[in-house]
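**Student:**
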Amino acid sequence: MKKRAGIAGLGLYIPEKILTNYDLEKMVDTTDEWIQSRTGIKERHIAKKGESTSDLAAAAGLEALKDAGLKSSDLDLIIVATISGDMLFPSTACLVQKKIGATCPSFDLGAACSGFPYAMSVAQGLILSGLYKNILVIGAEVLSGFVDWTDRSTCVLFGDGAGAAVISEARDGHGILSTYLAADGNYADLLKVPAGGSAIPPTLETIQQKLHTLKMNGSEVFKLAVRSMGDAVLKAIQLAGIKLEQVDILIPHQANLRIIQAVAERVNIPIEKIFINLDKYGNMSSASTIVALYEAVKTGRVKPGSHIAMVAFGSGLTWASTVMKW
Ligand code: UT7
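Using this note's numbering, read the sequence shown as starting at 3 and increasing by one per residue.
#1: Quick one: give me the first and last residue of the alpha helix (DSSP H) that A66 is part of.
#2: May I have the straight-line CA-CA distance separating P204 from L192, to the nearest angstrom?
#3: Does P254 pass the burial test, meaning 16 or more other C-beta atoms within 10 Å, or should it be called exposed?
#4: I'd like to confirm the pairing. Which residues does DSSP put opposite Y182 in its beta bridges?
#5: Taking 7 Å as the cut-off, is the CB of A62 close to at least one heavy atom of the ligand NAD?
#6: Cβ atoms of R46 and L12: under 8 Å apart, would you say?
#7: By the 10 Å Cβ neighbour count, where 16 or more other Cβ atoms means buried, how is G284 classified, buried or exposed?
#8: So, is K300 buried or exposed, given that buried needs 16 or more other C-beta atoms within 10 angstroms?
#9: So, using beta-carbon positions, are A104 and I80 closer together than 8 Å?
#10: To the nearest angstrom, report how far apart F160 and V293 are at their CA atoms.
#11: Measuring CB to CB, does V325 end up less than 8 Å from A311?
#12: Quick one: give me the first and last residue of the beta strand (DSSP E) that V168 is part of.
#13: Please determine whether the Cβ atom of I102 lies at a distance below 7 Å from any heavy atom of the ligand UT7.
#14: Of all the options N188, T55, I169, which has the alpha carbon lying nearest to the alpha carbon of P92?
#15: Would you decide whether A190 is buried or exposed? Buried here means 16 or more other CB atoms lie within 10 Å of its CB.
#16: Need the endpoints of the beta strand (DSSP E) that L15 sits in, please.
#17: Here's the rule I'm using: 16 or more other beta-carbon atoms within 10 Å means buried, otherwise exposed. How should R173 be labelled?
#18: Are the CB atoms of L67 and V168 within a distance shorter than 8 Å?
#19: Just to check, is the beta-carbon of L97 closer than 7 Å to a non-hydrogen atom of the ligand UT7?
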């Protein structure tokens with residue numbers, strides 16, 4: 003039987019504090035009706051003051067380790083997919099390594115909302131090469147610190163959270179059947195935090211102009227998301243050597259319900275086969291797909307032998323997909 007990598011354990015950490023659409027009505031010129039009808043989001047969770055991305059990531063990572071029946075010392079590598087790390091450097095993964103008491107190599111991976119499937123694909127390659135046995139892959143974000151809370155076109159969309167998976171060699175016939183990664187830097191300007199890096203280092207002016215907060219051309223991103231995610235799902239299914247009808251559950255990036263519905267139509271997959279939890283969390287970027295997978299597994303939507311397709315899309319632009327047999 004061909005050697006495969008797969009998920010050996012899952013973890014989750016969602017901050018306690020909930021920010022509802024009604025709360026947002028008091029902050030910006032918006033309504034619950036607009037947010038729900040245009041996005042499907044009802045509420046999102048927000049990290050408390052002092053709670054950083056590495057805190058969320060470490061908590062999710064510890065649960066994934068326990069779920070896999072492993073100790074921190076069993077880990078060969080930690081990859082944290084994030085675009086809202088604790089600092090520019092050191093990497094959030096190094097901070098997580100300390101917090102969970104591991105000693106293995108650790109690094110961050112930045113592919114925005116595609117971060118989790120990108121990181122899982124890197125882990126898969128390292129397991130298949132024989133270099134490492136157990137890799138902790140975490141998607142974690144505290145985006146609330148990078149959102150302009152006076153911009154109604156973006157602040158209603160995002161939330162904080164983390165999910166984690168231990169990737170190890172899979173049982174015979176199970177595991178990751180395919181991965182597909184893509185990027186197009188020509189669209190880099192559509193979704194970005196302009197300042198704070200080497201292109202525009204932070205100054206008093208950049209702070210006053212709020213250039214350290216997230217800027218998005220929503221309608222352009224919307225169109226490209228539908229096309230790219232639709233194509234990526236079909237690509238991963240083809241690479242896995244299965245038929246569309248064999249997919250039991252599709253875990254898409256959770257940015258907007260209308261994007262998910264349009265992808266379902268484009269791919270011709272029944273909406274009932276798609277796992278949706280964005281109503282509770284909003285868009286958690288790198289954390290969205292892994293948190294959705296966690297909930298799909300823990301609520302029994304995923305069964306032993308289920309074919310799971312996962313697809314994500316985000317800033318970069320980046321997009322990625324994978325098919326797993328559970
Ligand atoms: O995670 C990476 C991927 N990100 C995404 O996939 C996000 C993709 N984009 C989207 O989800 C949608 O484009 C949005 C939800 C961001 C926006 O929805 P839309 O249907 O594209 O709305 P729009 O930007 O075209 O805005 C329509 C109207 C505008 O008013 P006018 O110009 O028609 O008078 C906006 O000013 O809605 C207005 N608007 C709002 N109204 C109430 C924008 N945001 C709000 C708001 N509340 N929060």
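Beta carbons are placed, not taken as given, at the ideal position from N, Cα and C, and that holds for glycine.
**Tutor:** Put simply:
#1: As a first step, residue 66 must be located in the sequence shown, where it is residue number 64. 55-70 is the extent of the alpha helix (DSSP H) around A66.
#2: Mapped onto the sequence shown, residue 204 falls at position 202. Mapped onto the sequence shown, residue 192 falls at position 190. Distance between the alpha carbons of P204 and L192: 21 Å.
#3: On the sequence shown, position 252 is the one that residue 254 refers to. Residue environment: P254 is assigned as buried (16 or more neighbouring CB atoms within 10 Å of its CB, all protein chains considered).
#4: Position 180 of the sequence shown, counted from the first residue, corresponds to residue 182. In DSSP, Y182 forms a bridge with S323.
#5: The ligand NAD is absent from the structure shown, which contains only the ligand UT7.
#6: Here residue 12 is taken as the residue at index 10 of the sequence shown, counted from 1. Here residue 46 is taken as the residue at index 44 of the sequence shown, counted from 1. Not in contact: L12 and R46 (Cβ atoms no closer than 8 Å).
#7: Sequence index remark: in the sequence shown, residue 284 carries index 282 (1-based). The residue is buried, with at least 16 neighbouring Cβ atoms inside 10 Å.
#8: Within the sequence shown, residue 300 is the residue found at index 298, counting from 1. Exposed: under 16 other Cβ atoms inside 10 Å.
#9: Counting from one through the sequence shown, the residue named residue 104 turns up at place 102. Counting from one through the sequence shown, the residue named residue 80 turns up at place 78. The answer is yes: Cβ separation under 8 Å.
#10: For this step, residue 160 is matched to residue 158 along the sequence shown. For this step, residue 293 is matched to residue 291 along the sequence shown. Taking C-alpha positions only, F160 is separated from V293 by approximately 14 Å.
#11: For the purposes of this step, residue 325 is taken as residue 323 along the sequence shown, with counting starting at 1. For the purposes of this step, residue 311 is taken as residue 309 along the sequence shown, with counting starting at 1. Less than 8 Å separates the beta-carbon of V325 from that of A311.
#12: If you number the sequence shown from 1, residue 168 lands on position 166. Residues 163-171.
#13: One-based indexing of the sequence shown puts residue 102 at position 100. Proximity of the beta carbon of I102 to the ligand UT7 is not indicated: no heavy atom of the ligand is located closer than 7 Å.
#14: Stepping through the sequence shown from its first residue, residue 92 is reached at position 90. Per the Cα distances, T55.
#15: The residue you call residue 190 lines up with position 188 of the sequence shown. Residue environment analysis places A190 among the exposed positions, since fewer than 16 neighbouring C-beta atoms fall within 10 angstroms of its C-beta.
#16: Residue mapping note: residue 15 aligns to position 13 of the sequence shown, counting from 1. Note that residue 15 is Tyr in the sequence shown, not Leu. Its beta strand (DSSP E) spans residues 7-15.
#17: In the sequence shown, residue 173 corresponds to position 171, counting from 1. Exposed: under 16 other Cβ atoms inside 10 Å.
#18: By 1-based counting over the sequence shown, the position of residue 168 is 166. By 1-based counting over the sequence shown, the position of residue 67 is 65. Closer than 8 Å, so yes.
#19: Along the sequence shown, read from residue 1 onward, the residue named residue 97 stands at position 95. Residue side-chain check: L97 keeps its Cβ at 7 Å or more from all non-hydrogen atoms of the ligand UT7.
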